[in-house]
Amino acid sequence: MRSMFSEKVTDIKGIGKQLETKLAQKNIHSIQDLLFFFPKSYVNKTQLIPIVKCSHAKKCYLEGDVISKNYFFTKGRGIRFVIKDDSGSAEIKFFYYAGTHNKNIAIGHRLRVFGTARQGRNGIEFIHPEYEIVQKTKLLINENNLTPIYPNIKGVGQKTIQKIVRSALELTKGQKFNRTYDHLLSNLPDLASAIREIHFPYIHDSPEETELAFEKNRSRVALDELIAYFLLSYEGKNKNKGIPCSINLQLLDQVKSLLSFQLTHSQDKVLKEILEDLTADRPMNRLLQGDVGCGKTVVAFMAAASIIKDSFQVAIMAPTEILAKQHFEEAKKILSPLNLPVFLMIGSMKVGEKKDTIAAINQAPGSIIIGTHALFQQKMEFKNLGLVIIDEQHRFGVKQRLNLRQKRQDQRLPHQLFMSATPIPRTVAQTLFSDMSISTIEELPHGRKSIDTSVISEDKRANLVESLEKNILENNSQIYWVSPIISESDAIDALAAEEIFNNIKSLLPQQKIALIHGKLASEKKDQIMDQFINNQISILVATTLIEVGVNVPNANCMIIEGVERMGLAQIHQLRGRVGRGDQSSYCILIYKKPISDRVKKRLDIIRSNTSGFVIAEEDFKLRGPGNIFGTQQSGSIEFQVADISEHIHLAHQAKDIANQLKRDNPSVTGEVIDRWYSTNSEYLLA
Ligand code: ADP
Ligand code: MG
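Numbering follows the working numbering, in which position 275 of the sequence shown is assigned residue number 277; successive positions increment by one, without gaps.
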């Protein structure tokens, strides 16, 4: 009998052609794929919370009577409702489809609302929450389970995902996965039932029990994920032949002589390590790590330059378009004087422009192509791809990392260099990246000023602004002002940025202030970045979109809001945007009260340490086990279920099991890999 797991999702009632296509965006094709699409968090929808208990940034499930509604005007027409329960009232706001919501919701309706609360001007508010209109006496559903929140799938609502996952679980009830390695385990729940529990965790009598049961099931699933990861990284290892390149030392000397600085000792050292790999017969698989600002980019350019005269192409990939463009400009500056062709290829380019660029790249055998991940999605054939460089690799998940291992027509594998400023704790590197060589830049270029970091609470913002004007803006320096991350929603985060922008503008009316966030059109973003680079803007209010890579040496002050909710690695990344010029630099971390002792400790780590490596190690130590309602993944590498800071012991076990399977039972390894990485055969290229 064919197992139900491998049947197509369309076997599930309610999934038609349209939904099938939408799920395919996330590589969900079979029922098994759907079951291996895991929630990123959970809410308890078995209990409503009183409105008075809804606090800023908290996910809330509440209910109230609609007592007023009215339109308001922002850029378009919005609509606002006030709902009230016995404890208090809250506003519900919609910026889009105001007419529709006006039609659907009337005064006197009882509204059940689910969303992330925000502290607005008039108290707690919810922006575009999920809602339903209910009878006053309607009971709550989902009596026994937490409700899963899944990663977004474009065009598919949470309720739909929850429904189809439920159906998939229903359809596969009682079925088990083949026992591929279970004989190597003892005392762990069965995988199929663990998966069931990860989707809809059972609520036990006490929260502790619920958490404990959940963790047990999560560990079981995490173990499977890690085993798949190891099996996958063994797959094809040593099978692919590499491309030994010869190094053009003369050209490298020319590049060096054109630089406005001397490479640091560390940069020289890592460059040598990379060049050595490039000449080898085996494909390079190397991670170049080094703190923000240590100068990884120039090393990457030199590695690229060293082989392109031999008519190899080199692809350099950045996580954002802003960064890709910056790299492009930088590369042109260094390499164009030597007539080395450099191209930019990004998603937002016009269709015609893309076509022309692809054609030009086709005609340019020895060249450097810089882009975002769109680069690899384009229908683009590289000509003799010799080296792929991936900047800020910590931003890519495991799947992407593996997916990027591009193949060439001759089945040889290009060399690969990953760059990251988020150091990987040694224990993690040894376990997860043992297939990778690591180069580390240990020093910053000479003459870097240290960054004076302070931590203040939000109510000191006005004082801060005053001193900024006196001490920083008077010297013609520039400031980044980063707004907090509130929810997964771009719209809500953009709104928060806008509020901060308005606030600062009113406090500093004479200053040139601009706002940049993910909702802006690409041209608009470019225009603002250009103005900032040219010092036509003094204060740039931004969402964390500027987190990685951006380089504007005249900016010497970084202000970050909402640090209580941010990871230390991310704060450190942001801080690294300043301290790049010759002036003293400042970083001011603003938190919203109240904060816990643990958060205080974390902020103290970042305040008193300047090395990203130390910060990462300390942060890693401080992290306790995750929490069912807020698992925040910790940097370096992203798994769907496993969290490496909690599951490092599982990683060791997984590695052992993977080794044993590979040795004793290689015919079943494919099955384990397929569960996690089935739908894209390109993963298997390394
Ligand atoms: P990161 O390692 O964070 O990517 P970048 O490559 O962006 O850092 O480098 C930061 C800045 O330092 C750039 O302006 C770069 O030109 C400069 N830089 C790189 N290497 C040196 C060096 N050896 N001496 C002085 N400045 C350098
Ligand atoms: Mg960089």
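Built from N, CA and C at the ideal position, the CB exists for glycine as well. Since we're looking at a predicted model, the values are computed, not measured.
Residue i: first and last residue of the uninterrupted beta strand (DSSP E) it sits in
{"i": "GLY373", "result": "369-373"}
{"i": "ASP67", "result": "61-75"}
{"i": "MET560", "result": "557-563"}
{"i": "TYR231", "result": "Looking at the DSSP string, TYR231 is not in any beta strand (DSSP E); the run it does join, the alpha helix (DSSP H), is 209-236."}
{"i": "GLN121", "result": "112-122"}
{"i": "ILE303", "result": "Ile is not the amino acid found at residue 303; the sequence shown has Phe there. From DSSP, PHE303 is part of no beta strand (DSSP E) but of the alpha helix (DSSP H) over 298-310."}
{"i": "MET421", "result": "417-422"}
{"i": "ALA516", "result": "515-518"}
{"i": "ALA317", "result": "315-319"}
{"i": "VAL45", "result": "43-45"}
{"i": "ASP606", "result": "No beta strand (DSSP E) holds ASP606; the alpha helix (DSSP H) holding it covers 599-610."}
Beta-carbon separation (whole angstroms), residue i vs residue j, contact threshold 8 Å
{"i": "LEU475", "j": "GLN513", "result": "6 Å"}
{"i": "ALA544", "j": "TYR482", "result": "6 Å"}
{"i": "MET347", "j": "ILE371", "result": "6 Å"}
{"i": "ASP312", "j": "GLY368", "result": "7 Å"}
{"i": "ARG609", "j": "THR424", "result": "In fact, because the Cβ distance is near 19 Å, the residues do not count as touching under 8 Å."}
{"i": "GLN269", "j": "ILE443", "result": "6 Å"}
{"i": "ILE53", "j": "ALA92", "result": "5 Å"}
{"i": "ARG577", "j": "ILE453", "result": "6 Å"}
Simplified DSSP assignment, three categories, for residue i
{"i": "GLN432", "result": "helix"}
{"i": "PHE96", "result": "strand"}
{"i": "LEU542", "result": "strand"}
{"i": "GLY292", "result": "strand"}
{"i": "PRO150", "result": "strand"}
{"i": "LYS385", "result": "coil"}
{"i": "ILE440", "result": "strand"}
{"i": "GLN512", "result": "coil"}
{"i": "GLN655", "result": "helix"}
{"i": "LEU186", "result": "helix"}
{"i": "GLN572", "result": "helix"}
{"i": "ASN553", "result": "coil"}
{"i": "ILE630", "result": "With a pLDDT of 46 at ILE630, under the threshold of 50, the modelled position of this residue cannot be trusted; read the value that follows with caution. ILE630 falls in the coil class under three-state DSSP."}
{"i": "LYS10", "result": "strand"}
{"i": "GLY101", "result": "helix"}
{"i": "SER469", "result": "helix"}
{"i": "GLN264", "result": "coil"}
Cβ-Cβ distance between residue i and residue j below 8 Å
{"i": "ASP279", "j": "HIS417", "result": "yes"}
{"i": "PHE420", "j": "LEU234", "result": "no"}
{"i": "LYS507", "j": "ILE518", "result": "no"}
{"i": "VAL45", "j": "ILE129", "result": "no"}
{"i": "ARG604", "j": "LEU570", "result": "yes"}
{"i": "LYS10", "j": "HIS31", "result": "yes"}
{"i": "ALA366", "j": "PRO343", "result": "yes"}
{"i": "THR359", "j": "ALA653", "result": "no"}
{"i": "GLU619", "j": "SER441", "result": "no"}
{"i": "GLU394", "j": "PRO321", "result": "yes"}
{"i": "ALA302", "j": "ILE318", "result": "yes"}
{"i": "GLN480", "j": "VAL552", "result": "no"}
{"i": "ILE229", "j": "ALA660", "result": "yes"}
Classification of residue i by the beta-carbon crowding that lies within 10 angstroms, buried from 16 upward
{"i": "LYS15", "result": "exposed"}
{"i": "ILE166", "result": "buried"}
{"i": "ARG428", "result": "exposed"}
{"i": "ALA362", "result": "exposed"}
{"i": "VAL353", "result": "exposed"}
{"i": "LYS95", "result": "buried"}
{"i": "ARG677", "result": "buried"}
{"i": "ASN667", "result": "exposed"}
{"i": "ASN287", "result": "buried"}
{"i": "THR102", "result": "exposed"}
{"i": "GLY388", "result": "buried"}
{"i": "THR657", "result": "According to the sequence as given, residue 657 is Lys; it is not Thr. It counts as buried."}
{"i": "THR671", "result": "buried"}
N-terminal and C-terminal residue of the alpha helix (DSSP H) that residue i is part of
{"i": "VAL643", "result": "Taken as a continuous stretch (DSSP letters only), VAL643 belongs to no alpha helix (DSSP H), as it is neither H nor E."}
{"i": "ILE200", "result": "193-201"}
{"i": "GLU331", "result": "323-337"}
{"i": "MET531", "result": "524-535"}
{"i": "LYS86", "result": "Careful: LYS86 lies outside any alpha helix (DSSP H), inside the beta strand (DSSP E) at 79-86."}
{"i": "VAL167", "result": "160-173"}
{"i": "GLU22", "result": "19-26"}
{"i": "GLY354", "result": "353-364"}
{"i": "SER268", "result": "267-280"}
{"i": "VAL580", "result": "From DSSP, VAL580 is part of no alpha helix (DSSP H); its letter is neither H nor E."}
Cβ-heavy atom distance, residue i to ligand 3, below 7 Å
{"i": "THR424", "result": "Ligand 3 is absent from the structure shown, which contains only ligand 1 and ligand 2."}
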